[in-house]
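There are 2 protein chains.
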Amino acid sequence: MSKYTINEIAKLCGTSPATVSRVLNNPDIVAAPLREKIENTMQEVGYKPNPFASRLSSKSRWGLALFVFDILNPFFAMIVRRISHLAMEQGIPLTVCDTENNEEKERIYLDYLLDNKIGGIIFAEGISMATIERARKYTDTVLIDRHSEEGVVSEVSSDNYSGARQAVEYLLQLNHRRIGFISGPEKWPSAEERLRGYKDALELNDIKFNPALVSQGDLRFESGISALEYFLTLPEWPTAIFSANDQMALGAMNKAQLLNISVPDDISMIGFDNIPYYTLYNTKLTTVEQNIPALCQSAFNIMMRKLEGDNTETKEKRIIIPTQLKIGETCRKLIG
Amino acid sequence: MSKYTINEIAKLCGTSPATVSRVLNNPDIVAAPLREKIENTMQEVGYKPNPFASRLSSKSRWGLALFVFDILNPFFAMIVRRISHLAMEQGIPLTVCDTENNEEKERIYLDYLLDNKIGGIIFAEGISMATIERARKYTDTVLIDRHSEEGVVSEVSSDNYSGARQAVEYLLQLNHRRIGFISGPEKWPSAEERLRGYKDALELNDIKFNPALVSQGDLRFESGISALEYFLTLPEWPTAIFSANDQMALGAMNKAQLLNISVPDDISMIGFDNIPYYTLYNTKLTTVEQNIPALCQSAFNIMMRKLEGDNTETKEKRIIIPTQLKIGETCRKLIG
DNA sequence: TTTGGTATTGAAATCGTTTTCAACACAGGG
DNA sequence: CCCTGTGTTGAAAACGATTTCAATACCAAA
Chain A
235 MSKYTINEIA
245 KLCGTSPATV
255 SRVLNNPDIV
265 AAPLREKIEN
275 TMQEVGYKPN
285 PFASRLSSKS
295 RWGLALFVFD
305 ILNPFFAMIV
315 RRISHLAMEQ
325 GIPLTVCDTE
335 NNEEKERIYL
345 DYLLDNKIGG
355 IIFAEGISMA
365 TIERARKYTD
375 TVLIDRHSEE
385 GVVSEVSSDN
395 YSGARQAVEY
405 LLQLNHRRIG
415 FISGPEKWPS
425 AEERLRGYKD
435 ALELNDIKFN
445 PALVSQGDLR
455 FESGISALEY
465 FLTLPEWPTA
475 IFSANDQMAL
485 GAMNKAQLLN
495 ISVPDDISMI
505 GFDNIPYYTL
515 YNTKLTTVEQ
525 NIPALCQSAF
535 NIMMRKLEGD
545 NTETKEKRII
555 IPTQLKIGET
565 CRKLIG
Chain B
235 MSKYTINEIA
245 KLCGTSPATV
255 SRVLNNPDIV
265 AAPLREKIEN
275 TMQEVGYKPN
285 PFASRLSSKS
295 RWGLALFVFD
305 ILNPFFAMIV
315 RRISHLAMEQ
325 GIPLTVCDTE
335 NNEEKERIYL
345 DYLLDNKIGG
355 IIFAEGISMA
365 TIERARKYTD
375 TVLIDRHSEE
385 GVVSEVSSDN
395 YSGARQAVEY
405 LLQLNHRRIG
415 FISGPEKWPS
425 AEERLRGYKD
435 ALELNDIKFN
445 PALVSQGDLR
455 FESGISALEY
465 FLTLPEWPTA
475 IFSANDQMAL
485 GAMNKAQLLN
495 ISVPDDISMI
505 GFDNIPYYTL
515 YNTKLTTVEQ
525 NIPALCQSAF
535 NIMMRKLEGD
545 NTETKEKRII
555 IPTQLKIGET
565 CRKLIG
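Chains as they are written, first to last, in our numbering: chain A, 235 to 570; chain B, 235 to 570.
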């Protein structure tokens with residue numbers, strides 16, 4: 235590919251390599267005519283600076299990494315897809331780290347990245363705070379859907395609380411009163427927020443929160459199945475179920491179908507995420523949509539600003555992306 | 235992290251940087267006592283060579299990339315998981331390129347990688363031959379489950395033909411005679427091989443191949459659904475369906491359930507892949523297992539050998555990994 | 001003892017940038 | 001007219017490795 239060096243470009247333009255370097259990194263400080271001449275020449279011969287040489291002299295860190303805890307989960311796969319697309323657009327190499335929900339793997343990946351002077355790391359929900367804290371000491375970090383203590387780390391997340399609350403309020407409007415909740419993993423901030431939204435929606439409508447109506451899952455399809463099985467052991471079945479993500483909702487629906495329990499006739503169902511992947515059942519799932527593109531774009535922007543050394547702004551950012559209730563065909567109105 | 239340079243190590247050991255470099259890259263040529271001393275010192279102070287400096291002087295290419303056409307497909311997500319794990323173990327940065335089944339994206343990713351002097355690229359099935367051919371000119375390549383013309387590119391693949399044939403023969407043993415096939419995308423070598431396995435199994439058992447019993451899919455769940463719908467329009471339904479991957483099989487099963495058609499009582503079903511992800515239905519899918527870990531390990535090994543410049547062996551390798559029929563609960567024996 | 005070969009090591013050039021630092025021109029203020 | 005400040009550029013020194021080439025030591029063969 236590009237066989238030219240900065241010296242040759244300089245010679246071609248009758249200037250010095252220093253100046254060429256300047257138009258590369260700080261175009262404003264070189265006089266317009268010369269700058270344009272250099273830019274044109276670079277264009278013509280298809281010059282691309284040698285990335286290794288650049289990074290050698292500018293001792294800056296470089297490259298991005300993205301941690302996800304389970305790449306088989308379509309929600310996270312989607313995040314991988316978006317972020318890697320954005321990174322490539324900017325010409326920044328991205329290392330995808332699928333930790334398989336394993337702290338040891340987190341550690342190994344992180345060690346490796348820090349050794350390689352990684353420029354920044356984006357963590358999706360599900361990565362341990364220990365890993366994140368360690369990373370923060372050596373490099374820039376941004377969290378997606380993973381809250382830390384207020385303001386300590388930059389983070390972008392969906393409005394999990396409002397999304398959950400809205401979902402439950404929708405069920406309440408449909409006259410449901412006994413609403414089951416399939417929660418996410420304990421201690422995950424996003425899961426806790428969704429639980430809180432569920433609780434608050436109930437209590438603000440004078441329905442007492444009943445822990446027996448909560449089944450804890452791990453976000454995988456299978457735990458939706460177990461959750462439904464659990465709910466069916468209750469003396470009174472819930473008339474509706476709100477699941478902390480689509481996959482568990484689909485697991486529950488699937489199990490219901492096998493048992494000849496109709497969704498929505500017997501039980502209404504709402505999910506969370508709106509993974510396009512799962513528009514597969516012919517009854518379309520009602521769900522709270524997370525705006526994954528916005529989530530990723532936003533996280534990426536913050537990271538870019540950090541990489542550019544925007545240290546003037548010492549305060550860490552926290553951005554909340556609104557969710558949207560997507561009404562499908564899995565909820566039915568109970569007769570008053 | 236590592237703040238030491240090769241010069242400091244040299245000084246610490248009373249030798250020259252050249253020698254330190256030698257123990258790094260070619261340990262055999264330095265005398266044992268000195269070598270050990272240097273090795274120990276590096277160990278002690280936690281020295282890690284600066285990757286950028288290395289790559290600058292040794293003008294070698296570096297790093298790996300993995301192309302998949304759809305990271306939301308669990309089969310490919312699994313490949314991403316395995317390969318990125320292997321790469322990290324070797325301390326080699328990996329760039330994951332999810333092309334979203336889009337040739338333009340393939341092109342952009344490839345340009346980017348070549349500019350960055352990528353060391354090698356692993357292509358999974360689904361990437362266009364044009365992209366692969368172009369990559370081959372500039373860097374090392376290995377294909378997973380993607381055949382090229384015989385012997386031109388190194389490739390590792392499952393034994394698609396035998397796997398398919400075995401699946402169909404199993405159905406024949408169960409006295410099925412009208413067997414539908416949900417194929418993969420046209421022109422995909424792996425898909426063609428599975429189709430060929432299907433055909434041959436039939437014809438070797440004196441059953442005429444009937445094109446009406448083949449429905450072409452795109453590997454996604456949805457196309458399994460459409461395939462089943464298609465089969466049901468036939469005057470005589472197939473008694474069994476062999477699907478070119480699990481996802482489509484599951485789509486078909488799902489649709490069947492909704493229509494109150496029982497698998498396996500009304501229709502038997504066999505998939506291909508054995509994605510662990512999909513052990514979710516309580517009727518376990520009978521399927522042809524691809525040995526993904528072996529597939530990935532093998533591809534990775536070949537790549538490593540290429541990276542180490544094993545040019546002595548000019549011949550490209552082609553490795554076939556056996557598949558295994560996993561008998562689940564979705565096939566039933568017809569009465570003779 | 002001399003010669004030739006081999007094993008081991010160091011000095012110095014090199015890779016392609018970035019980054020000081022100094023030089024220069026030119027402007028306006030006194 | 002001199003001085004100073006500003007804008008623009010080039011020379012040269014890093015950056016931290018690898019690699020070439022020559023030097024040295026040592027051993028076996030003649």
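Idealized CB from N, CA, C, for every residue including glycine.
| query | Could one say the Cβ of THR624/A lies closer than 9 Å to chain B's Cβ atoms, at least one of them? | reply | Within the shown structure, residues of chain A are numbered from 235 to 570, placing residue 624/A beyond reach of any answer.
| query | By Cβ distance, which residues of its chain are closer than 7 Å to LEU537/A, with the 5 residues on each side in sequence left out? | reply | With the sequence shown as reference, residue 537/A is identified as Met, and Leu is not the correct amino acid for it. The residues LEU298, GLY354, ILE356, ASP374, VAL376, in chain order, have a CB closer than 7 Å to that of MET537/A in the same chain once the five nearest residues on each side in sequence are set aside.
| Distance between PRO267/B and ALA252/B (C-alpha atoms, nearest Å) | Their Cα atoms are separated by approximately 16 Å.
| request: Could you tell me the boundaries of the alpha helix (DSSP H) in which LEU344/B lies? | output: Run containing LEU344/B: 337-349, per the alpha helix (DSSP H) assignment.
| CB of ASN479/B within 9 Å of CB of ASP507/B, strictly | With contacts defined by Cβ atoms closer than 9 Å, ASN479/B and ASP507/B form a contacting pair.
| request: Using a cut-off of 8 Å between C-beta atoms, extract the partners of TYR464/A located in chain B. | output: Neighbours of TYR464/A in chain B, taken as residues at a C-beta separation under 8 Å, are lacking, since the least C-beta distance is about 15 Å.
| field | Contact list for ASP332/B against chain A, beta-carbon separation under 8 Å | value | Ordered by position in chain A, the residues that pass the 8 Å Cβ test against ASP332/B are VAL314, ARG315, SER318, HIS319.
| query | In chain B, which residues lie with their C-beta within 7 Å of the C-beta of ILE305/A? | reply | ALA311, VAL314, ARG315, listed in chain order.
| field | Nonlocal neighbours in the same chain, by C-beta distance under 8 Å from CYS530/A, ignoring five residues either side | value | ILE313, ARG316, ILE317, LEU320, ILE378, listed in sequence order.
| query | Using a C-beta cutoff of 9 Å, does LYS576/A count as contacting chain B? | reply | In the structure as shown, chain A begins at 235 and stops at 570. Residue 576/A is therefore absent and cannot be evaluated.
| Closer than 9 Å to chain A by CB, GLY297/B | For GLY297/B, the answer is yes, since a Cβ of chain A falls inside 9 Å of its Cβ.
| message | Taking the beta carbon of GLU427/A as the centre, do at least 16 other beta carbons fall within 10 Å, making it buried, or is it exposed? | response | Of the residues assessed, GLU427/A falls on the buried side of the cut-off, its CB having 16 or more other CB atoms within 10 angstroms.
| What's the C-alpha gap between TRP422/A and LEU406/A? | When the Cα atoms are used, TRP422/A and LEU406/A turn out to be separated by approximately 26 Å.
| task | State buried or exposed for ASP304/A, treating a residue as buried only when at least 16 other CB atoms are found within 10 Å of its CB. | result | Residue burial is scored here from C-beta neighbours: ASP304/A has at least 16 other C-beta atoms within 10 angstroms and is therefore classed as buried.
| Listing by chain order, which chain B residues have their CB less than 7 Å from the CB of LEU290/A? | Residues of chain B whose Cβ lies closer than 7 Å to the Cβ of LEU290/A are, in chain order, PHE286, ALA287, LEU290.
| field | Classification of ILE569/A by the beta-carbon crowding that lies within 10 angstroms, buried from 16 upward | value | A residue is called buried when at least 16 other Cβ atoms come within 10 angstroms of its Cβ; ILE569/A does not meet this threshold and is exposed.
| Whose C-alpha, out of TYR372/B, GLY414/B, THR564/B, is nearest the C-alpha of LEU468/B? | For the residues TYR372/B, GLY414/B, THR564/B, the minimum Cα distance to LEU468/B belongs to GLY414/B.
| Whole-angstrom distance between SER250/B and ALA244/B, CA atom to CA atom | Between the alpha carbons of ALA244/B and SER250/B lies a distance of about 5 Å.
| query | Quick one, are the C-beta atoms of LEU436/B and PRO472/B less than 9 Å apart? | reply | Not in contact: LEU436/B and PRO472/B (Cβ atoms no closer than 9 Å).
| task | Check whether the segment 495-504 of chain A touches the segment 497-504 of chain B, counting contact only when three or more Cβ pairs, one atom from each stretch, lie closer than 8 Å. | result | Fewer than three pairs of CB atoms, one per stretch, sit closer than 8 Å, so the segment 495-504 of chain A makes no contact with the segment 497-504 of chain B.
| message | Does chain A have any CB closer than 9 Å to the CB of ASN350/B? | response | Interface residue, yes.
| query | What in chain A is Cβ-close to TYR346/B, meaning under 8 Å? | reply | Correct list: MET322, GLY325.
| Interface flag, GLN524/A vs chain B, CB-CB below 9 Å | Not one chain B Cβ lies under 9 Å of GLN524/A.
| request: Using a Cβ cut-off of 7 Å, pull out every chain A residue sitting near TYR343/B, in sequence order please. | output: Close partners of TYR343/B in chain A (Cβ separation under 7 Å): MET322.
| Whose CA, out of ILE553/B, LYS560/B, ARG539/B, lies closest to the CA of LYS518/B? | Of the candidates ILE553/B, LYS560/B, ARG539/B, LYS560/B places its Cα closest to the Cα of LYS518/B.
| task | State the start and end residues of the unbroken alpha helix (DSSP H) segment that holds CYS530/A. | result | Boundaries of the alpha helix (DSSP H) around CYS530/A: 526-541.
| said: Please report the straight-line C-alpha distance between TYR372/A and ARG295/A, rounded to a whole angstrom. | reply: Straight through space, the alpha carbons of ARG295/A and TYR372/A are spaced by roughly 10 Å.
| Cβ-based contacts, 7 Å cut-off: residues of the segment 385-416 of chain B near chain A | So nothing in the stretch comes that close.
| CA-CA distance, LYS351/B and TYR238/A? | Going from the Cα of LYS351/B to the Cα of TYR238/A covers about 14 Å.
| message | Is there a Cβ of chain A sitting closer than 9 Å to that of LYS245/B, yes or no? | response | No, LYS245/B does not count as interfacial toward chain A.
| task | For the beta strand (DSSP E) containing GLY458/B, list its first residue and its last residue. | result | Per DSSP, GLY458/B belongs to no beta strand (DSSP E); it is in the alpha helix (DSSP H), 455-467.
| message | Check this for me: beta carbons of GLY431/B and MET482/B, under 9 Å apart or not? | response | Not in contact: GLY431/B and MET482/B (Cβ atoms no closer than 9 Å).
| field | Proximal residues to ALA533/A (C-beta, below 6 Å), its chain only, five neighbours per side dropped | value | Counting only Cβ-Cβ distances below 6 Å, and skipping sequence neighbours, we find ILE356, VAL376, ILE378, VAL390.
| task | For the segment 322-339 of chain B and the segment 395-403 of chain B, state whether three or more C-beta atom pairs, one from each stretch, are separated by less than 8 Å. | result | The segment 395-403 of chain B and the segment 322-339 of chain B do not touch, with fewer than three beta-carbon pairs separated by less than 8 Å.
| Under the three-state DSSP convention, the category GLU489/A falls into | Correcting the residue identity first, residue 489/A is Lys in this sequence and not Glu. LYS489/A: helix per DSSP, three-state reduction.
| query | For THR365/B, does the three-state DSSP call read helix, strand or coil? | reply | DSSP places THR365/B in helix when its eight states are reduced to three.
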